[in-house]
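For any residue, its number in the numbering used here is found by taking its place in the sequence shown, counting from 1, and adding 2.
The next block holds one structure in the form of structure tokens; read it before the comments.
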Amino acid sequence: MIVEGEELVTQQLVVASEPLETIIIIGDFVPVSISTRSQGSLEVRTAARVLANGDTAPQGVTLTVQAKPQAGYGLATLSVNGEDVTKRAAGGVYTFKLRGSAAIVASFKQSATPIAELLGEVLVRPNPFTDRLVLEGLGHAERLTLLNALGQPVYRKQLTGEENLELNLAHLPAGTYWLRVEGAGKGRTLKW
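Written out as structure tokens, the structure is:
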């Protein structure tokens, strides 16, 4: 589903033949049906317990709904009986009293991983190195700068999407070096 130019993955918990998943709780002691997707899930609980498939809930009970996005996803929308409660759902949690039936729907969207986290995935080996240096996980890096112990650049490379790279640094003397990896205005410096 595309909303305002963003692709959303919708999560509903309930029995439905739609690709969405929903929890519907109807009337007194009607069983709850829950299904989940890999993008996230919904948890519905009373003060006493978390509701699971086949559980029931009486009218007037206070229900707490928690949207739980999986890694790499965030909550896009949360609605109860068609009313968007996303802004009132602090941390993806919303509480209400059950009156009649309740259809609870959550939509999840893929979230951008912060570039600093992506740069944190860069691996450098061996340590210490003699003539060759292997770098892995560079997919989001744009620039490499190798600095000597005095902070002077001794090697620079513009990257064009390489995931892994092997550098021939046999021309450098033995010593301590710093590797600066940069991308999207952020950077990470590694020492070895």
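Heads up, the beta-carbon is just placed ideally off N, CA and C, and yes, glycines get one too.
Owing to the predicted nature of the structure, the values given are computational and were not obtained by experimental measurement.
Straight across, the Cα-Cα distance linking A69 with S81 is about 11 Å.
A59 carries a coil assignment under DSSP once its states are collapsed to helix, strand and coil. Residue range 188-193 is occupied by the beta strand (DSSP E) that includes K188. By the CB criterion at 7 Å, H142 and G185 fall inside the cutoff. For K111, the enclosing beta strand (DSSP E) begins and ends at 103-112. Inter-residue distance for L125 and L152 is about 23 Å (C-alpha atoms, whole angstroms). The continuous stretches of beta strand (DSSP E) do not include A54, and DSSP gives it neither H nor E. When the five nearest sequence neighbours on each side are left out, the beta carbons in the same chain lying within less than 8 Å of the beta carbon of P155 are those of T147, L148, L149, in order along the chain.
In this structure, N166 sits near E138, with a CB-CB distance shorter than 7 Å. Listed in chain order, the beta strand (DSSP E) runs fully inside the stretch 132-171 are 134-138, 145-149, 155-160, 166-170, counting runs of at least 3 residues.
Two segments are said to touch when three or more pairs of C-beta atoms, one from each, lie closer than 8 Å; by this definition the stretch 42-51 touches the stretch 61-68.
In the DSSP assignment, E184 is bridged to R145, G189. Residue pairing for L80: DSSP places it in a beta bridge opposite A108. K99 is bridged by DSSP to T64.
Just so you know, the alpha carbons of R134 and F110 end up roughly 44 Å apart.
Counting the other CB atoms within 10 Å of its CB gives Q61 a total below 16, which places it among the exposed residues.
Under the three-state reduction of DSSP, G177 is assigned to coil, being neither helix nor strand. Residue burial annotation: S103 is exposed, with fewer than 16 other C-beta atoms found within 10 angstroms of its C-beta.
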